[in-house]
């Protein structure tokens with residue numbers, strides 16, 4: 004995160020970055036974190052759905068690198084280390100991550116809220132109206148002194 008916050012107005016920093024958002028939460032300069040469809044805990048390679056292993060294999064240039072990337076994303080204790088306010092946004096119809104994974108993240112992080120959108124798919128593209136403005140407002144509220 005240092006590339007993002009070193010030259011920024013730290014008082015106004017919020018982050019909305021899919022699954023990487025939780026990683027930003029360990030940086031004390033970040034005031035609030037929203038994660039959208041973030042897979043924690045990351046399933047093992049063997050338990051990932053076929054579409055996920057196929058996609059990772061193609062994007063990573065091979066199965067060995069894809070397995071390495073998947074393993075690198077497995078931070079089972081990461082949500083508990085996020086001490087900033089955390090908004091977990093997930094789709095109720097998402098298959099990776101599942102709603103249960105979103106509930107796990109929300110149950111594990113100390114200062115959390117869960118926004119589970121009924122019928123929402125991965126990244127909630129089919130239900131943007133149900134979460135995007137609310138998430139942006141939540142982040143803006145957290146970035147102000149009264150939001151803390």
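Numbering (our numbering), first residue to last: 4 to 151. Beta carbons: idealized from backbone N, C-alpha and C, even for Gly.
If you draw a straight line from the Cα of residue 105 to the Cα of residue 115, it comes to about 11 angstroms.
Taking C-beta atoms as the reference points, residue 87 and residue 36 count as a pair closer than 7 angstroms. Judged by DSSP secondary structure, residue 72 falls within the alpha helix (DSSP H) whose first and last residues are 66 to 75. Contact between residue 96 and residue 123 holds: their C-beta atoms lie close to 6 angstroms from each other, under 8 angstroms. Look at the beta carbons and you see the region 67 to 81 touching the region 41 to 55: at least three pairs across the two are nearer than 8 angstroms. About 5 angstroms separates the beta carbons of residue 85 and residue 112, which is inside the 8 angstroms limit, making them a contact pair. Residue 89 sits in a strand when the DSSP states are folded into three classes. For residue 33, there is no enclosing alpha helix (DSSP H), since its DSSP letter is neither H nor E.
DSSP, reduced to helix, strand and coil, places residue 119 within a strand of the structure shown.
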